[in-house]
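Single-structure report; data block below.
Numbering (this note's numbering), first residue to last: 86 to 850.
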């Protein structure tokens with residue numbers, strides 16, 4: 086358990102606040118207030134090149150607003166030229182020496198571990214009472230703010246709410262301070278913890294109501310501040326009943342967004358099937374969101390293109406996902422349409438369309454539009470698709486920011502008719518998009534084609550044609566997609582060669598992973614290209630993180646067993662080397678699962694050569710256990726028997742339950758392929774686990790039975806007096822390997838029979 090002293094010391098470490106974070110694997114950047122308190126930066130101490138409130142070299146915060154609270158429009162956007170007058174800021178008074186000494190003693194008391202757990206809430210409550218009337222000064226003091234965090238975490242709900250009610254009028258100012266924002270965050274997280282007690286609900290609701298009324302009176306400053314916007318989003322999450330540090334609602338990782346768009350994730354849209362960790366306050370959530378939108382028209386235009394207020398709107402929309410009536414009132418305002426009496430099919434004014442298209446070329450608004458497209462009710466999505474995107478699809482696809490909006494639009498296409506229109510506009514432009522570096526649009530189009538089961542053949546052909554010259558064999562199609570940037574940067578594409586040592590293109594790898602989900606007949610050029618790759622190139626691909634995932638996707642596809650074995654053979658003799666890398670160790674496991682018996686033995690033999698080094702790696706112990714390398718080393722015959730048993734059980738399952746496509750063909754020979762149908766991918770994995778579990782259970786039962794037999798012989802020998810010829814004979818027979826081998830098989834069958842009887846009894850019950 087971490088002591089209070091060490092926790093306080095940890096809180097005082099220097100941490101960066103406003104880091105540049107990569108917003109998408111395509112390279113779009115967004116400066117945002119990071120969520121992490123230790124690793125990801127809730128910094129308070131300004132560095133020489135800091136953008137913070139107290140930075141020495143700048144009098145501006147990251148949001149483009151001066152430290153005194155006055156607005157200074159950014160020059161990056163033509164939409165940020167007007168803004169309402171902000172409220173005058175409060176000058177923070179210096180904390181008196183007596184108060185500073187008091188809180189210093191409190192810290193010393195906690196760091197000395199001189200406080201019992203039972204006494205802790207009382208001491209924290211008493212200390213917070215001393216802060217009454219001085220909440221703003223104490224919360225914004227660099228050192229005392231750390232102490233306040235400890236007190237707010239340790240006090241009871243009554244003292245916590247008293248503190249928040251006392252500082253409600255200055256809560257926005259505390260939230261916009263570099264140190265105060267940490268205090269505000271801690272207070273909100275403590276409220277969320279106390280919500281586990283049903284009796285605390287109403288007192289917390291009353292406290293939050295007071296805070297929300299103050300914020301709604303003037304929300305713009307807080308929303309546009311790098312610290313304040315983060316606290317604002319936490320408050321929205323608290324009212325929405327979701328964890329305050331939820332990556333889905335606070336700031337989704339680019340990898341999560343991309344995985345969902347490319348059908349690589351099983352997670353649903355924000356708000357759907359979400360298990361709320363605590364009770365929410367839906368009335369307050371609605372009150373906050375409506376208050377944000379009651380700003381003047383000029384203020385709303387600024388908020389839409391400010392990077393921090395855009396994040397606040399995104400969180401609010403995600404929390405309201407599924408509440409169609411509320412979304413139908415909010416989204417038109419965010420589309421700069423303030424028309425009265427909105428009706429279905431009439432949410433968007435045609436006069437505003439050109440402005441919306443230009444807004445989507447702004448970084449902050451493009452982020453916001455991605456979320457709007459994700460949560461929009463179907464009627465509103467259809468209207469946006471028809472009015473906004475029909476005439477600007479390729480224009481936006483070509484833009485640095487707009488192409489991300491098109492990715493979201495394509496990923497959330499509702500039906501085949503919409504996909505038909507998208508294909509008409511973008512299908513002939515595959516090569517152009519790749520040359521412009523907009524491969525994310527193509528990746529989204531491929532994934533949507535799979536999801537809606539339309540234009541699958543056309544998509545596969547268009548992609549291959551885009552990376553091949555006219556009348557050229559598709560033999561190098563996979564090579565070029567893996568190195569998209571290198572290939573399209575080459576002037577003489579006919580002279581392009583494999584860039585040895587270069588990093589594989591992330592989006593190119595993701596595109597191939599999506600391609601290998603198509604039916605076998607549609608992706609023959611890609612299969613031929615991958616399986617005919619040179620040995621050195623295959624090994625280089627397997628060592629790269631993205632390349633390894635590409636190979637795994639191919640091994641999971643419904644390509645024939647012979648085609649998979651051809652690729653696996655190229656890695657023969659290198660599996661030990663690959664197993665030592667954390668990323669390619671998964672590829673070794675996939676190769677093993679897709680191999681026949683001879684290839685499995687070759688893989689096990691390679692791993693045997695690095696058996697002593699593998700346990701030192703992250704995935705090594707799992708790999709040794711999964712492939713039973715120890716069993717192969719000590720009992721190779723039994724290891725082969727177990728592998729054959731597993732494969733024959735898989736074949737029997739597919740013979741009984743698999744589709745015609747899933748059954749192994751004669752050309753694949755014995756123990757060839759076990760994953761012929763992508764539609765059964767999840768079922769295959771579960772069946773494999775179940776079979777492996779039952780076989781392992783049988784072996785375990787058999788081993789126990791052998792031990793019992795040995796113990797019986799020893800006991801019999803002990804009873805006869807430790808000495809006769811018959812005893813020696815019995816003992817010798819136990820130590821003979823043939824006896825053990827035969828007896829193991831016998832008891833293994835006995836164990837399987839016992840399990841079978843038990844299963845029948847359960848069915849009868």
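Where is the CB? At the ideal position from N, CA and C, for every residue including glycine.
Nothing here was measured: the structure is a model prediction, and the numbers come from that model.
*Counting along the chain, where does the alpha helix (DSSP H) carrying residue 700 start and finish?*
Counting along the chain, residue 700 falls outside any alpha helix (DSSP H), and DSSP gives it neither H nor E.
*Since residue 194 and residue 297 are thought to touch, with beta carbons under 8 Å apart, how far apart are those beta carbons, to the nearest angstrom?*
Not quite, the Cβ-Cβ distance comes to about 35 Å (not below 8 Å), so this is no contact.
*Do you know offhand how far residue 198's Cα is from residue 192's?*
10 Å
_By the DSSP assignment, the alpha helix (DSSP H) with residue 193 in it spans what residues?_
182-196
*Is it true that the CB of residue 433 sits closer than 9 Å to the CB of residue 468?*
Yes. Within cutoff.
_Alpha-carbon spacing of residue 585 relative to residue 527, whole angstroms_ = 26 Å
_Once DSSP output is grouped into helix, strand and coil, what is the label at residue 646?_
helix
*What's the gap between the Cα of residue 429 and the Cα of residue 479?*
Taking the straight line from one Cα to the other gives about 27 Å.
*Bounding residues of the alpha helix (DSSP H) (the contiguous stretch that carries residue 510)*: Counting along the chain, the alpha helix (DSSP H) containing residue 510 begins and ends at 501-511.
*Backbone CA spacing between residue 695 and residue 550 [nearest angstrom]*: 43 Å
*Rounded to whole angstroms, what's the CA-CA distance from residue 691 to residue 734? Just pull it up for me.*
Between residue 691 and residue 734, the C-alpha separation is close to 26 Å.
_I need the DSSP call for residue 736, collapsed to helix, strand or coil._
helix
*Under 9 Å between C-beta atoms of residue 577 and residue 539*: no
*Among the residues of its own chain, which have a CB less than 7 Å from the CB of residue 510, if the five just before and after it don't count?*
478, 479
*State buried or exposed for residue 279, treating a residue as buried only when at least 16 other CB atoms are found within 10 Å of its CB.*
buried
*asked:* For a quick check, are the C-beta atoms of residue 370 and residue 404 less than 9 Å apart?
replied: yes
_Using only the alpha-carbon positions, how far apart do residue 624 and residue 634 sit?_
13 Å
*Considering only the beta carbon of each residue, do residue 215 and residue 187 sit closer than 9 Å?*
yes
_Check this for me: beta carbons of residue 569 and residue 496, under 9 Å apart or not?_
no
*Does the distance from the C-beta atom of residue 492 to that of residue 448 stay below 9 Å?*
no
*How about residue 545 and residue 608: are their beta carbons less than 9 Å apart?*
Yes, the pair counts as a contact, with Cβ atoms nearer than the cut-off.
*Simplified DSSP assignment, three categories, for residue 236*: helix
*Is the Cβ of residue 492 closer than 9 Å to any Cβ of chain C?*
Any reference to chain C falls outside this structure, which holds one protein chain only.
*Do residue 851 and residue 419 have their C-beta atoms closer together than 9 Å?*
Within the shown structure, residues of the chain are numbered from 86 to 850, placing residue 851 beyond reach of any answer.
_Cβ-based neighbour list, residue 715, same chain, cut-off 6 Å, excluding 5 preceding and 5 following_ = Close CB contacts of residue 715 within its chain, under the 6 Å cut and outside five residues either way in sequence, are absent.
_Under the three-state DSSP convention, the category residue 724 falls into_ = helix
*Report the option in 229, 236, 224 whose CA atom is closest to the CA atom of residue 78.*
Within the shown structure, residues of the chain are numbered from 86 to 850, placing residue 78 beyond reach of any answer.
_Outcome for residue 721 when other beta-carbon atoms lying within 10 angstroms are tallied against a minimum of 16_ = So residue 721 counts as exposed.
*Please state whether DSSP places residue 304 in a helix, a strand or coil.*
coil
*Run of the alpha helix (DSSP H) containing residue 543, from where it starts to where it stops*: 541-551
*Count the C-beta pairs between the stretch 654-674 and the stretch 625-632 that are closer than 8 Å, then say yes if the count reaches three, no if not.*
yes
*Per DSSP, what kind of secondary structure is residue 706 in: helix, strand or coil?*
helix
*asked:* Using 8 Å for Cβ pairs, my map puts residue 224 next to residue 252. What's the rounded Cβ distance?
replied: 7 Å
*Identify whether residue 318 lies in helix, strand or coil by the three-state DSSP scheme.*
helix
*Tell me where the alpha helix (DSSP H) around residue 719 begins and ends.*
714-719
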